[in-house]
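**Student:**
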Amino acid sequence: MSTILFDKIVFGPVHSRRLGVSLGMNLLPVDGKLCSFDCIYCECGLNGERRTHTKLPTRAEVKEALTEKLSAMQAEGIAPDVITFAGNGEPTMHPEFEGVIEDTIAIRDRFFPNAKIAVLSNSTMLHKEGVFRALNKIEDNILKLDSVLDSRIQQL
1063 MSTILFDKIV FGPVHSRRLG VSLGMNLLPV DGKLCSFDCI YCECGLNGER
1113 RTHTKLPTRA EVKEALTEKL SAMQAEGIAP DVITFAGNGE PTMHPEFEGV
1163 IEDTIAIRDR FFPNAKIAVL SNSTMLHKEG VFRALNKIED NILKLDSVLD
1213 SRIQQL
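Each residue of the sequence shown is one higher than the last, beginning at 1063 in the working numbering.
So this is what it looks like as structure tokens:
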């Protein structure tokens, strides 16, 4: 299976059937995958195959990259429908996730106030108060909940 790893903090925009014009956000290292799951169908590959050797981008680096990209998009007359946190694994694992979301809201409001903010997540970090608070501040939580047990799926 081929893998897709994003080599930048901000990527795209890409055209998504579900989300429209989506500007991607990768809060994870660019040289590998960082995820609490190891799904066989993951576009980033398996965890053992994609071990990362670089650091996570800092909150300041994310803020700078997003500001630069949205400024350029505004100058080009390209408006995103959504800013989507996805990237090379589970975005909510970033230790400054809540602060990054706060910065993203402020930057979005400055450049494209009608754009939504979405997070694609496997839901494993919802028990962390900062992650939970951050997700409650955005418009579109795309949360994955699954299990191999049918009885567990019914509970979820």
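Positions of the beta carbon are idealized from the N, C-alpha and C atoms, including for glycine. This structure is a prediction, so every number in the text was calculated from the model and none was measured.
Could you check how far apart the C-beta atoms of residue 1072 and residue 1118 are, in whole angstroms? I think they sit under 8 Å.
**Tutor:** Contact flag wrong, Cβ pair sits at about 15 Å.
**Student:** Grab me the residues of residue 1178's own chain with a C-beta within less than 6 Å of its C-beta, minus the 5 sequence neighbours each way, in chain order.
**Tutor:** Excluding residues within five positions, the ones whose Cβ falls inside 6 Å are 1144, 1201, 1202.
**Student:** Please name the residue in 1084, 1095, 1159 whose C-alpha comes closest to that of residue 1066.
**Tutor:** Of the candidates 1084, 1095, 1159, the one whose C-alpha sits nearest the C-alpha of residue 1066 is 1095.
**Student:** Apart from the five residues just before and just after residue 1196, which ones in its own chain have a Cβ nearer than 6 Å to its Cβ?
**Tutor:** If we look at residue 1196 and ignore the five residues flanking it on each side, its Cβ neighbours are 1159, 1160, 1163.
**Student:** Quick one, which of 1075, 1165, 1069, 1125 has its alpha-carbon nearest residue 1138's?
**Tutor:** Measuring from the Cα of residue 1138, the nearest candidate turns out to be 1075.
**Student:** With a CB to CB cut of under 6 Å and the five nearest residues on each side skipped, what residues in its chain are close to residue 1173?
**Tutor:** Taken in chain order, the residues that qualify are 1132, 1136.
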